[in-house]
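*Asks:*
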Amino acid sequence: MDSLPICSVEEVPEGDARGFELKSGEESLLSLILAKRDGKIFAYENRCPHRGTPLDWRPDRLLDVTGEYLICATHGALFRFEDGDCVVGPCVGEGLRPIRVEVVDGRVRWVRGGSPA
Ligand code: FES
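Take -3 as the starting number for the sequence shown in the numbering used here and just add one per residue.
(1) Report yes if the C-beta of residue 49 is less than 7 Å from at least one heavy atom of ligand 1; otherwise report no.
(2) Going by DSSP in three states, residue 118 sits in which element: helix, strand or coil?
(3) For residue 84 and residue 8, what's the separation of their Cα atoms in angstroms?
(4) Can you name the start and end residues of the beta strand (DSSP E) that residue 14 belongs to?
(5) Do three or more CB pairs link the segment 91 to 111 to the segment 55 to 64 at distances below 8 Å?
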């Protein structure tokens, strides 16, 4: 398995989330969300299970008003940080696709070839 750098751990604010686009040249490899809570990083594909759209209409606006959940801007589905499960909205019972990442020397890396993602 190989891995690709995404960002430093500090680039994801505590209690918040950021979107990233990984590319190889012009080719998009992966659009993902990194969320951080209690210092732990959670990674999901930036794709709502309801309609397949990105969660954020505007970059990095990924939390609901309470700051408790990730939100899909299209129809308002709410997802838990910890497992990506949809708890409110049209895709309850589904969830965000987890992406395998690792933290090495303060940097978050996408682990390719593992499962999931
Ligand atoms: S596309 Fe995300 S809730 Fe409908």
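From the three backbone atoms N, C-alpha and C, an ideal C-beta is built for every residue, glycine too.
*Replies:* The short version:
(1) For the purposes of this step, residue 49 is identified with residue 53 of the sequence shown, where counting begins at 1. Checking every heavy atom of ligand 1 against the Cβ of residue 49, one is found closer than 7 Å.
(2) Limits of the chain in this structure are -3 at one end and 113 at the other, which puts residue 118 out of reach.
(3) By one-based count along the sequence shown, residue 84 stands at place 88. By one-based count along the sequence shown, residue 8 stands at place 12. In a straight line, the C-alpha of residue 84 is about 24 Å away from that of residue 8.
(4) For the purposes of this step, residue 14 is identified with residue 18 of the sequence shown, where counting begins at 1. Segment 13 to 20, the beta strand (DSSP E) holding residue 14.
(5) Fewer than three beta-carbon pairs drawn from the segment 91 to 111 and the segment 55 to 64 are found closer than 8 Å, and the two stretches are therefore not classed as touching.
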